[in-house]
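> Take this structure first; my questions come after.
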Amino acid sequence: MKSGQAKAEIGADKTSAIAKGAQEFAQVFENVDQATNAMSAGTADPHSVVEALATAEIALETAVTIRNRVVEAYQELLRMPV
2 MKSGQAKAEI GADKTSAIAK GAQEFAQVFE NVDQATNAMS AGTADPHSVV
52 EALATAEIAL ETAVTIRNRV VEAYQELLRM PV
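Every letter in the sequence shown is one number past the one before it in my numbering, and letter 2, counting from 1, is 3.
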């Protein structure tokens, strides 16, 4: 395998991992939406709604932390002399 092909595969793996993470993030909030709709209809267990909200809170905090680290890395790259 050539070096360029290996780099392309590594890049594709990272891209697919990011896409998978984004899909899982969206699914967490879809679950919260379904749970809150079920609660407002009176068909949901309050415990499951609280659990879905807690999971969403953790997912959001994780996403914000990742975003902050990406921004910090980008800013560090901008500070590097060329």
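All residues carry an ideal CB built from backbone N, CA and C; glycine is no exception.
Just the Cα atoms here: how many angstroms apart are residue 72 and residue 58?
Going by the C-alpha atoms only, they are around 21 angstroms apart.
> Taking its Cβ as the centre, do 16 or more other Cβ atoms sit within 10 Å of residue 29, making it buried, or is it exposed?
Burial call: buried.
> At 3 residues or longer, what runs of the beta strand (DSSP E) sit wholly inside the stretch 21 to 81?
List check, beta strand (DSSP E) in window: nothing returned.
> Do residue 51 and residue 37 have their C-beta atoms closer together than 8 angstroms?
No, these two residues do not count as a Cβ contact at 8 angstroms.
> Does the count of Cβ pairs from the stretch 11 to 22 and the stretch 37 to 46 closer than 8 angstroms reach three?
No, they do not touch.
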